[in-house]
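What follows is a set of notes on a single structure, which appears directly below.
Residue numbers (the working numbering), protein chains in the order written: chain A, 4 to 1054; chain B, 134 to 556.
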């Protein structure tokens, strides 16, 4: 096994000395006071016996003192008037809609005793089918963000003063904007009632206009569609109808348009079922390693400037012309993609992430040529997620400067931060009357004259129409926490005639929907369901295509200026465009590819690392690659685009295009004065990464890639990476094959492990479970819980990780602690590379406590704090744990987490952590200790304190709740309704969970009937008997992968 | 010995017979009583007017035979002369609908009312000497024996001294008792053992609050409400069957009855733990202050500041008596609805407590002990009785059939595992 098939880092691949060294120290702690006893004897230690005794004496005295204090008096305060629908201790669920910019996901909000604490997908929505993403899952924490503005304000010198009362505010602003040309600057609005209000507003202010601005725009696509189809919009896509998918840099599983919807559609053709399984074929052409690219069957790289040329080459290849790039692999890829597209007879789809009008016109032409228009592209139903046109913003700024626009009302956008020419916008803003409805004191709001914070979406009424005819409603799940007001109410008040009946949005909304639906009953039903969808599915309709602009576009697309080094800007699945940058759950969520938290960075290829930094990560003899990988300090490079430069640390990722540097937007949030950033924008956003929006260039549309110059600097900057914190000692953890071999011989994928299992079982016996161990077999008489994770449909989107954090009160540890491998995530997603070093395949493997029936952690606990239940759960009892960490040492999966510090403020002493802040702990950890923020905690799950181990519990609180319901209803079948948090969040249904003893359950069927050839346990040969099974990955490619690749390479 | 056994059998058989007979006779009435307590007792008394009229003699008052069933199903819709008069008398309170009660249920309740007789005050002490007397006796015995042993030892040493003197053996002067190292050592060891025992027990008991009886903001007597007036526990603590928390009733729920009951005229004397008498009517007035209720006008105060509640109204800050540590998950509905436990099992005879105190230790050992002994309502496949949920335990069914097991305890189905309560 010297040539590893799956590797997490270059060091692991090359088995370098410093890597070996680093893996030995699993916990990476600098030991506490008694650290240096190693070989000197107790008297010579820096901490001598006396100190030891002092510590001992102090802790005994402190413990005695703390314990013998009088028992505190606890109050129980019942309601004055208990609302009928609230039973204390029983959660209520309300359908609503997660709104962020134009993104809209139908959700169900779990509310406990009046507080929303968890977001789940709404299964009634046919758009997402109950899926969510990381941002939606995390948005419940934004509700309790302590940087939220608490009352209306007006500028007062350099600061702001409170305006008491909304009426006073209305009078003041009403007078200020009267008679002026008022521009409404918002993010994409797809709420039909709000759009109606805006229309009424425009009647009152006829000289004004409404501009929709998207931080990351799809203007190129919208304008191309206008040119080709005469419609200034985005159609809806049907990835579920596509047998062949070609994506040119579109990250449709991660961040492109509506990733949750597309992930769900995509996964339908990525599941293995039946005797002759079929899979869709996914080609990805891109410059950086995106989440979508890492899921592709075949992936090819090119420079960002070549995107247009690749699109043109595919168009030409459909007519048989061979591509002529210098990279022969790319040429071959284009030929293969074209052949597949042609033979799919319309069941194919080409998408492109570029914001260039010409390239998108070429893409439209390709889709027309392969017959996708009308089969996988539906013009009858449009996507309303993004509507911003880049040119509108330029015109607006010019008009603000010239005085043609006298007042700007801003809602849910932050152009001072995200607009490429921020200074120009700032100057223009200073010339007009500016009102902000934003919820926090962001970069734009602090420059406005008046601030009237709007509600968080969890406090709002509202609606969304993400796709034509598909409505999703919002209802408040908590009374507004602060003196905020729906921004629609402001528009209504400022535009309606005096004495108008309707002067708040709630009434308007109810009237609007009652009228539209026809009756109060239907309205109530719609609110309860959360979604209103067409009763019959409309046939997919093609748009009328015009190729009048095509020739021109082909020329323009193929002739983009290229350079030796180019940058491409992308969004991370966690931070996105930066609006949720102060969300610690998202900041601490590791990027699926780089596994970096809390920062952005320059992603470069190994080739560029060698040429630019003399860092040879591919070859262990040369260079100092080990230092680069083992230490968090990464070399910093300076990237300059159009005279604007930014300095960022590098992360070397195989599979990057050699000439490309990829930079994530959404970081580097900063107030006008640096000192106020932590207070205004937030402790978590403060200091996280650099802002790269200034590198966006404008040439008709915003361009997110450019030619750049790059130079190395002498500085280094620490990045907190989580990968290889859990290392598996070269044991195989992934099984993978390609579709052809799998169909030919389904047993082949697990052949190796099956043989090994037989070899270690007592001769003649086939019962690996009972006869390969000296331990006895224990009964599971009632329920035996089990989970199955399909590696084929897991895209690495990380929604499950955030869902787990929210459900189980998993603490945020901050960047400094992640650097020391102290992250607390119960569920992590391991990323493995395999195959070609320059363009490897990627496999994601969600890794959580495997709940081994023969668990190595249980045997070593000196106090039996971890033991096994009769339902197959590996139980962790916090109040019994004394923190020896033997269990974590002995866990082959490295899923046990230790509370090194008091991250949650659960210790008995108040302000215990304060001395830690700055030296061991980041200020962002304290953000989670705030009384307001702690409202998000799940009351059914213990908040762990310092010094105990914790880990995945299979959401035992949910299992208990389901069982209790089944017992109350006296119906064992109800146990099948159980849903654990990760499973419920997953947009692709990759996770199944249930009672393995129930032969009708999904989990039983998957393991024993439907997927017997793919179901394996990680490191099965250790005979730890995990309760989490995985389904081997099957790629639809001609290339040999997995086991066969190695044999081939050897030949 | 044989006499004892005979007597035992006699007593046993007679007790058994008495129980058997009383069950047969009582079962119908008992149902009526249970239904009465669960549904009616919060507003009605049998012998006197309460929130609603006294029910004794209902038969002579109702206009027709079947009238009572219609009335119970939907009082608001009855418009006959008697119903109208009744409603006028008890305005604004109107009786709750009980459509869920079947005819036989109502008959049961009525029978209970008809058969009802005022409770006879208990005569004489019924309590028996319990185990504590025994231990005192043993203690005295031990002490006496220890003294005798000590005297004997002294006698022994004196006698030896005498005999030594007689035989002329020279021995050193005996050490007095308080200087004798053996005795001193024994004393030290004894002190150490006792000290250790009490320290450990004290440490284990830290944070345990058995018999905790805080003074509440309102003198609220469970004895008056649940005991004398027989209000069902679940009328106020409805959460016990639906939720993890039994929950304390909201002020508005108290006012359901106390709008009408504004004076304390009950038979029980209200006395605090320290012996001071309590004015029940004044305590009801405290409730009115919390509720924002004007006792003279019999209306809620107006809501002038538009906060949705009557002016001056504020929730009652009760002091929590039963506190479990944060790392324990306890669910009332699991125990009440699924386990069919009585409230008194854990809370003691709450209907006899003027002020509530913590009856049980609420220690983990106490929980576990009950889980080990309590049998679950196991599903019996043959006659389809028991909770069907337990049909999944195939192995236990087989074992019961084959006689290996006679019943299934909570422990058998995993009720003593850590993560049943700690997560």
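For every residue, glycine included, the Cβ atom is placed at its ideal position computed from N, Cα and C. These figures come from a predicted structure and were not determined experimentally.
| Item | Value |
| --- | --- |
| Start and end residues, beta strand (DSSP E) containing residue 753 of chain A | That residue, residue 753 of chain A, is in no beta strand (DSSP E); it is neither H nor E in DSSP. |
| Proximal residues, the segment 357-381 of chain B versus chain A, C-beta separation under 8 Å | 371, 372, 375, 376, 377, 378, 380, 381 |
| N- and C-terminal bounds of the beta strand (DSSP E) containing residue 587 of chain A | Residue 587 of chain A -> not in any beta strand (DSSP E); alpha helix (DSSP H) instead, spanning 587-590. |
| Continuous beta strand (DSSP E) assignments of at least 3 residues falling wholly in the segment 292-373 of chain A | 301-304, 351-355 |
| DSSP state of residue 484 of chain A mapped onto helix, strand, coil | coil |
| For residue 383 of chain A, the three-state DSSP class (helix, strand or coil) | strand |
| Assigned exposure category for residue 284 of chain B - 16 Cβ within 10 Å defines buried | exposed |
| Chain A contacts made by the segment 523-552 of chain B, where a contact means CB separation under 7 Å | 524, 525, 526, 528, 529, 546, 547, 550, 551, 552 |
| Spatially closest choice to residue 600 of chain A from A/817, A/267, A/835, A/959, by CA coordinates | A/817 |
| Same chain, Cβ closer than 8 Å to residue 787 of chain A, neighbours up to 5 away in sequence not counted | 874, 875, 998, 999, 1000, 1030 |
| Counterpart residues of residue 426 of chain B in DSSP-defined beta bridges | B/433 |
| N-terminal and C-terminal residue of the beta strand (DSSP E) that residue 251 of chain A is part of | 247-251 |
| Own chain partners of residue 426 of chain B with C-beta closer than 6 Å, once the 5 adjacent residues on each side are dropped | 433 |
| At least 3 beta-carbon pairs within less than 8 Å: the segment 412-432 of chain A vs the segment 459-467 of chain A | no |
| Chain B residues whose Cβ lies nearer than 9 Å to that of residue 80 of chain A | 381, 448, 449, 450, 451 |
| Proximity winner among B/310, B/354, B/301, relative to residue 412 of chain B (alpha-carbon distances) | B/354 |
| Interface partners of residue 385 of chain B on chain A, CB under 8 Å | 82, 83, 84, 85 |
| Segment contact flag, the segment 818-837 of chain A with the segment 959-976 of chain A, C-beta cutoff 8 Å, min 3 pairs | no |
| Test: residue 484 of chain A CB closer than 8 Å to a CB of chain B | no |
| Cα-Cα separation, residue 276 of chain B to residue 937 of chain A | 59 Å |
| Buried versus exposed call for residue 1012 of chain A [16 or more other C-beta atoms within 10 Å across all chains shown] | exposed |
| Contacts of residue 294 of chain B in chain A (Cβ-Cβ under 9 Å) | Near residue 294 of chain B there are no residues of chain A at all, since even the closest Cβ is about 50 Å away, more than 9 Å. |
| Interface flag, residue 333 of chain B vs chain A, CB-CB below 8 Å | no |
| Segments assigned beta strand (DSSP E), at least 3 residues, entirely inside the segment 591-647 of chain A | 605-607, 636-644 |
| Cα-Cα separation, residue 903 of chain A to residue 287 of chain A | 42 Å |
| Beta carbon proximity, residue 934 of chain A to chain B, threshold 8 Å | no |
| Neighbourhood of residue 296 of chain A by C-beta, 6 Å cutoff - its chain only, sequence neighbours within 5 removed | 287, 289, 302 |
| 6 Å Cβ shell around residue 1 of chain A - same chain, five flanking residues per side excluded | Residue 1 of chain A falls outside the range modelled here, since chain A spans only 4 to 1054, and no answer is possible. |
| Residue-level contact to chain A via CB, residue 521 of chain B, 8 Å cutoff | yes |
| Neighbour flag for residue 975 of chain A against chain B, beta carbons, 8 Å | yes |
| Helix, strand or coil at residue 1067 of chain A [DSSP, three-state] | Outside the displayed span of chain A (4 to 1054) sits residue 1067 of chain A, for which this structure offers no information. |
| Residue 267 of chain A vs residue 134 of chain A beta-carbon contact at 8 Å | yes |
| Nearest neighbour of residue 735 of chain A, chosen from A/484, A/1022, A/474 [CA to CA] | A/1022 |
| Any chain E beta carbon closer than 8 Å to residue 969 of chain A | The question asks about chain E, but that chain is absent: this structure's protein chains are A and B. |
| Cβ pair residue 543 of chain A, residue 381 of chain A closer than 8 Å | yes |
| Straight-line Cα distance separating residue 538 of chain A from residue 646 of chain A | 55 Å |
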